[in-house]
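Below you'll find the structure, written out as structure tokens, and then a few comments.
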């Protein structure tokens, strides 16, 4: 399983490829992997991603 930092970097790359103003769930960026990520890492990844979005 990937580390949270690796997952965050992957989410940021995928996010940059999306159109602006598109609403999505972060789990949609990890279609098959999401169920293999622990619940604590779900929360951490979502928190880090939200912080990234707010700061950029």
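Numbering (this note's numbering), first residue to last: 106 to 161. Idealized CB from N, CA, C, for every residue including glycine.
How many Å lie between residue i and residue j at the Cα?
i, j, result
"residue 161", "residue 116", "14 Å"
"residue 138", "residue 114", "15 Å"
"residue 132", "residue 144", "12 Å"
Is it true that the CB of residue j sits closer than 8 Å to the CB of residue i?
i, j, result
"residue 109", "residue 146", "yes"
"residue 150", "residue 112", "yes"
So for residue i, helix, strand or coil by DSSP?
i, result
"residue 108", "coil"
"residue 142", "coil"
"residue 115", "helix"
"residue 122", "coil"
Below 8 Å CB to CB, which residues in the same chain sit around residue i once its five sequence neighbours on both sides are set aside?
i, result
"residue 159", "none"
Within its chain, find whatever has a CB closer than 6 Å to the CB of residue i; leave out the 5 residues flanking it on each side and keep chain order.
i, result
"residue 153", "113"
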